[in-house]
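Visitor: In the UniProt record's numbering, the protein residues as written are 1 to 480.
Let me begin by handing over the structure; questions about it come next.
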Amino acid sequence: MPAPTQFTEFIDEHVDSFIQRLANAVAIPSISGNAQHRQDVFKMASWLQGELNTLGVETKQVDLGKHVMDGEELQLPPAILGRIGNDPRKKTVLVYGHYDVQPAEQSDGWDTEPFKLVVDEKTGRLIGRGSTDDKGPILGWLNVLEAHKTVGLELPVNMRFCFEGMEESGSEGLDDLIKSETAKGTAGFFDNVDCVCISDNYWLNSRTPCITYGLRGLAYFKVTVSGPARDLHSGVFGRTVHEPMTDLVQIMSKLVATDGTILVPGVDDMVSAADAEEKKIYDVLDYSIQDVEDAAGGKIALSDDKATVLMGRMRNPSLSLHGIEGAFYGPGAKTVIPASVSGKFSIRLVPPQTPDAVEPLVFKYIESEFAKLNTKNKLKIENLHGGKPWVADFKHWNYEAARRATELVYKRSPDLTREGGSIPVTLTFAESLGVNVLLLPMGRGDDGAHSTNEKLDKSNFIEGTKLLGTYLYEVAAITA
Ligand SMILES: NCC(=O)N[C@@H](Cc1c[nH]cn1)C(=O)O
Ligand SMILES: [Zn+2]
Ligand SMILES: [Zn+2]
């Protein structure tokens, strides 16, 4: 059932005000992973709650308690739970999104100020941190609500919203909230939800819309090597003491091979190799080596074989080195021996891997490699956060509704994908609510989420808004 023309016309006629709302959202640097920005995450929560209330959504902020980050105790940003519609004859769709963002500074290599949305009229790009991950998609839902309210259209389904402000930092507190709201024998906020829709991922390329039925899990580690009581002069102490950075670099170099093979024994082995039948799934997807290289901005694909590259992202685990805290990294030539350095790396997990199964393998391996260094420095390993992988039943009516909506809006069939990123709460929704979960992305594969010059194409914002609205009508039309 196509969405009413008044809906799509309203969207086309209000592009400028939708972009202005996105600019207002991007202007709040709601970085969850940095203690100095915690007040901005709260500000973003209030802003979002205000917008939802104006659009007729009944909301509450749920306090998720406190946590410790970088040695500091901090209040967790609230979850925003919203409700509109309570008609027992209609289906109920739960929408999840996150209002926090990754850190960004212009000095990281951005061409523009990250928290000022830039509308590039030449390319049609809306550039700014959070434009595609995940403020644009969240605002897509607000656009849908605004269109219905202003035009006087009834929503075809009841809607529930769950927006969090810690997704980029491990979704702390949210699992407990979902579990308590779905505890047996009690009436909870998620009662009567028929399906879940999450818009927080990307097309495979920049041409073909997709719907997504899998996500990788995550296990994030921090390895600290320390020795001296303070930073040292390398002229005075070089070749005189064990240097933490030298030890840490040795450890970091033994985690992953340059071809992507994970060197921690047992981790790659947990996943069976794809057979010829499975490889066909990847062969039919609209994707090329050029797509991955365009999105990465360099001719650096690990293989010339499309299926191998796609499997590397969708159905195999990966280990990435992220950074070294405490190391000298500024301009100039400081001759320091850092006293304590922490290497950060994470492993993306696929079924049957779980953070609990992988953690002991990582700890054991790093401890044994560290022992081989014969150093007098000290080692500390921490698992910072993690989440299990998720795979859904894509034959469910929820997927059928998304497929039909995509065909109506984009006039083409969507790719069916698994995503390489992680949204740990997806599995919690699937397990705790016992309903089907779907990922319906708005942005393109070259949006640069988590990267410099993150963008959302204006056409994806507008057509993506129509897609989210049309999906609701398709859900309503299904009789299952
Ligand atoms: N759009 C989803 C996303 O980017 N998720 C993050 C989740 C995460 C976990 N720890 C830090 N970020 C991802 O990196 O996949
Ligand atoms: Zn996201
Ligand atoms: Zn993200």
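We treat Cβ as the ideally placed atom computed from N, Cα and C, and that holds for glycine.
Give the secondary structure of GLU72 by DSSP, where H, G and I count as helix, E and B as strand, and everything else as coil.
Guide: Reading the sequence shown from its first residue, position 72 is the one you call residue 72. It is a strand residue.
Visitor: What would DSSP say about ASN143, mapped onto helix, strand or coil?
Guide: Here residue 143 is taken as the residue at index 143 of the sequence shown, counted from 1. If DSSP states are grouped into helix, strand and coil, ASN143 belongs with the helices.
Visitor: Return yes when the Cβ of ARG216 is within less than 8 Å of the Cβ of ASP48, no when it is not.
Guide: Along the sequence shown, read from residue 1 onward, the residue named residue 48 stands at position 48. Along the sequence shown, read from residue 1 onward, the residue named residue 216 stands at position 216. First, the amino acid is wrong: residue 48 is Leu here, not Asp. Contact: no.
Visitor: Mark PRO352 as exposed unless 16 or more other C-beta atoms lie within 10 angstroms of its C-beta, in which case mark it buried.
Guide: Stepping through the sequence shown from its first residue, residue 352 is reached at position 352. Exposed: under 16 other Cβ atoms inside 10 Å.
Visitor: In angstroms, rounded to a whole number, what distance separates the CA positions of VAL249 and SER171?
Guide: The count along the sequence shown starts at 1 and reaches residue 249 at position 249. The count along the sequence shown starts at 1 and reaches residue 171 at position 171. Roughly 30 Å separates the two Cα atoms.
Visitor: To which residues of the same chain is THR406 closer than 6 Å at the C-beta, ignoring the five residues directly before and after it?
Guide: Counting from one through the sequence shown, the residue named residue 406 turns up at place 406. Taken in chain order, the residues that qualify are PRO209, PRO414.
Visitor: Could you tell me the distance, in whole angstroms, from the CA atom of PHE394 to the CA atom of ILE211?
Guide: Reading the sequence shown from its first residue, position 394 is the one you call residue 394. Reading the sequence shown from its first residue, position 211 is the one you call residue 211. Cα to Cα, the separation comes out at about 9 Å.
Visitor: Residues with a Cβ closer than 5 Å to any heavy atom of ligand 2, in chain order?
Guide: Listed along the chain, these residues meet the criterion: ASP133, ASP134, ASP200.
Visitor: Please report the distance separating the alpha-carbon of ALA229 from that of ASP247.
Guide: Residue numbering aside, residue 229 sits at position 229 when the sequence shown is read from its first letter. Residue numbering aside, residue 247 sits at position 247 when the sequence shown is read from its first letter. Going by the C-alpha atoms only, they are around 16 Å apart.
Visitor: Once DSSP output is grouped into helix, strand and coil, what is the label at CYS83?
Guide: Along the sequence shown, one-based indexing puts residue 83 at 83. Note that residue 83 is Arg in the sequence shown here, rather than Cys. Of the three classes helix, strand and coil, the one that applies to ARG83 here is strand, per DSSP.
Visitor: Could you pull out every residue in the same chain whose Cβ sits closer than 7 Å to the Cβ of HIS322, ignoring the five residues on either side in sequence?
Guide: As a working note, residue 322 is residue 322 in the sequence shown. Result list for HIS322: LYS344, PHE345, SER346, in chain order.
Visitor: Looking at the structure shown, is MET311 part of a helix, part of a strand, or coil, going by DSSP?
Guide: Position 311 of the sequence shown, counting from 1, holds the residue named residue 311. Helix, per DSSP.
Visitor: Taking 8 Å as the threshold (C-beta atoms), are VAL62 and ALA45 in contact?
Guide: Residue mapping note: residue 45 aligns to position 45 of the sequence shown, counting from 1. Residue mapping note: residue 62 aligns to position 62 of the sequence shown, counting from 1. Not a contact, by the Cβ cut-off of 8 Å.
Visitor: With a cut-off of 8 Å on the beta carbons, I'd call ALA25 and LYS135 a contact; round off their distance for me.
Guide: For this step, residue 25 is matched to residue 25 along the sequence shown. For this step, residue 135 is matched to residue 135 along the sequence shown. So it is a contact: roughly 4 Å between Cβ atoms.
Visitor: Output yes or no for whether 8 Å exceeds the beta carbon distance between PRO355 and LYS388.
Guide: Locating residue 355 in the sequence shown gives position 355, counting from the first residue. Locating residue 388 in the sequence shown gives position 388, counting from the first residue. Yes.
Visitor: Contact between the region 106-125 and the region 4-24 is defined here as three or more beta-carbon pairs at a separation below 8 Å; is this criterion met?
Guide: Yes, they touch.
Visitor: Please classify THR375: does DSSP put it in a helix, a strand, or coil?
Guide: By one-based count along the sequence shown, residue 375 stands at place 375. DSSP places THR375 in coil when its eight states are reduced to three.
Visitor: Spell out the partners DSSP gives GLY443 in its beta bridges.
Guide: Counting from 1 along the sequence shown, the entry for residue 443 is found at position 443. Answer is TYR202, bridged to GLY443.
Visitor: Could you tell me if the beta carbon of GLN36 falls within a distance shorter than 7 Å of some heavy atom in ligand 3?
Guide: Within the sequence shown, residue 36 is the residue found at index 36, counting from 1. The answer is no for GLN36.
Visitor: Please find out if some non-hydrogen atom of ligand 3 comes closer than 7 Å to the beta-carbon of HIS322.
Guide: In the sequence shown, the residue the question calls residue 322 occupies position 322. Not under cutoff, so the answer is no.
Visitor: Per DSSP, which one or two residues make a beta bridge with TYR399?
Guide: Counting from one through the sequence shown, the residue named residue 399 turns up at place 399. Beta-bridge pairing links TYR399 to no other residue.
Visitor: Helix, strand or coil: how does DSSP classify GLU407 here?
Guide: What you label residue 407 is simply residue 407 of the sequence shown in a count that begins at 1. Three-state result, GLU407: helix.
Visitor: Could you check how far apart the C-beta atoms of LEU468 and LEU440 are, in whole angstroms? I think they sit under 8 Å.
Guide: Taking the first residue of the sequence shown as 1, we reach residue 468 at position 468. Taking the first residue of the sequence shown as 1, we reach residue 440 at position 440. Confirmed, about 7 Å.
Visitor: Among ALA357, ALA183, SER169, which residue has its Cα nearest to the Cα of ASN34?
Guide: Here residue 34 refers to the residue found at position 34 when the sequence shown is read from its first residue. Among ALA357, ALA183, SER169, the Cα nearest to that of ASN34 belongs to SER169.
Visitor: Closer than 7 Å: is that where the CB of GLU168 sits relative to any heavy atom of ligand 1?
Guide: Numbered from its first residue, the sequence shown carries residue 168 at position 168. For ligand 1, at least one heavy atom lies less than 7 Å from the Cβ of GLU168.
Visitor: Give me the Cα-Cα distance between SER131 and LYS455, rounded to the nearest whole angstrom.
Guide: In the sequence shown, the residue the question calls residue 131 occupies position 131. In the sequence shown, the residue the question calls residue 455 occupies position 455. If I take the Cα positions, the gap works out to 6 Å.
Visitor: By DSSP, does VAL236 sit in helix, in strand, or in coil?
Guide: Along the sequence shown, read from residue 1 onward, the residue named residue 236 stands at position 236. The answer is helix: DSSP assigns VAL236 an H, G or I state.
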